[in-house]
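My numbering numbers the first residue of the sequence shown as 208 and each following residue consecutively.
Note that beta-carbon positions come from the ideal geometry of N, C-alpha and C, so glycine has one too.
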Amino acid sequence: MQILQTLPREEGYKMPAEFAPHEGCILIWPERADSWAAGGYAARKAFVKVISAIARWEKVTVLASYGQYENARASLPPHVRVVEMSSDDAWARDVSPVIVKGPDGTLRGIDWGFNAWGGLYDGLYFPWDRDNHIARKVCDLMEIDCYDRRDFILEGGSIHSDGEGTVMVTEECLLSPGRNPDKTKEEIEQVLKDNLGAEKVLWLPFGIWGDETNGHVDNICAFTAPGEVVLAWTDDQQDPQYERSLRNLEYLMSEHDAKGRPIQVHKLPLPRPVYVTEAECAALDPVDGVPARTPGERLAASYVNFYIANGGIIMPAFGDPADTKAAEILAQCFPGREIVPIPARDILTGGGNIHCITSQIPARG
């Protein structure tokens, strides 16, 4: 593996869309006791369902700590690869390398800086150094070269690509003071273009209300095809999310993608608000003596946080009437792919959902 200081765009590399073919998927086995209730016992059951679903269509690699390796190996299907690797938590989307693809079909990884979604300003845990080393280790595991971008803070969940020159982000996240406060919006946009091979960056104003990542785009809006997106939506004007989704809709309707196409928006309904229970809070370890969550705290539940597998859409389900409607909309957006709802509350209470715990590896060639 070579550590590269060059720019991917100058070498013809760009970030493929998630709906393009995959070689595989990376996940991390959960165990952090202040993120996952009861030390991750319930979350691991949900992870196994997600992993088993994805493994129907693509090669899955699960990273597990020394202490959890044997448990992960025994819990997972034999065709799932388990690799011992240290981490600080299980958010593979944000700590794995962003994979870019060259004109000859070769892959390279981008090793962005990771500071737990805000560093000492408003990050969610400390230290985060083991997470910050995962991207380079995964590149080594994949036997691909790696671009060194540790001087720029970026998480995989904060970007979406259509594979045709358009990248989508939120201002709320990428302009947050805990990430790259020394850079202007224009400078941040240039970094994205230079490294992801983008011609245009769409800046949605907001993410999901209450999202601890400062509003990652992968919880509010996602590309389903070139020129098409799904947007988390509520018709309840009293919901604090209503104004956020409306502002995003107005922005998207006023924009075009890198190819000059107007953007077709499919509204994906939100489930009813999901609140943390007292029992769930009691099962979490405190963070520096402070409770990790508060009973009644609203979680950032969204159906947009799905994973696009080669043959299916792995969709979070909440036991809500909107589960069925969301599945119907996603089936229309992804014809030919099977919709696989996975009960995801035990992932959501950790702070994210199915897209957040997965990171796709594009197909080579």
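- Proximity of the region 509-525 to the region 416-436 meets the contact definition, three or more beta-carbon pairs being nearer than 8 Å.
- By the C-beta criterion, the region 303-321 is judged not to be in contact with the region 406-418, since fewer than 3 inter-stretch pairs fall below 8 Å.
- Here DSSP, grouped into helix, strand and coil, assigns Gln567 to strand.
- Counting only runs of 3 or more residues that sit fully inside the region 326-395, the beta strand (DSSP E) segments are 352-360, 373-377, in chain order.
- DSSP places Gln471 within a strand segment (E or B) once states are collapsed to three.
- Per DSSP, Lys256 is one residue of the alpha helix (DSSP H) stretching across 248-261.
- Scanning Gln212, Leu331, Ala260 for the CA closest to the CA of Asp495 turns up Leu331.
- Where Ile233 is concerned, the enclosing beta strand (DSSP E) starts and stops at 229-235.
- Bridge partners of Thr313 according to DSSP: none are assigned.
- Residue burial annotation: Thr420 is buried, with at least 16 other C-beta atoms found within 10 angstroms of its C-beta.
- Residues Val374, Glu396, Leu399 of the same chain have their beta carbon placed closer than 6 Å to that of Val408, with the five preceding and five following residues left out of the count.
- Spatial neighbours of Arg544 in its own chain (CB-CB distance under 7 Å, excluding positions within 5 residues in sequence) are listed in chain order as Gly518, Gly519, Ile520.
- Ala342 sits away from Pro384, with the two beta carbons spaced by 9 Å or more.
- Taking a contact to require three or more Cβ pairs closer than 8 Å, the region 430-440 and the region 471-490 qualify as touching.
- By DSSP's assignment, Glu545 forms a beta bridge with Gly519.
- Per the coordinates, the alpha-carbon of Gln448 lies some 32 Å from the alpha-carbon of Asn402.
- Check the Cα spacing between Ala405 and each of Pro215, Gln209, Ile210: the tightest is with Pro215.
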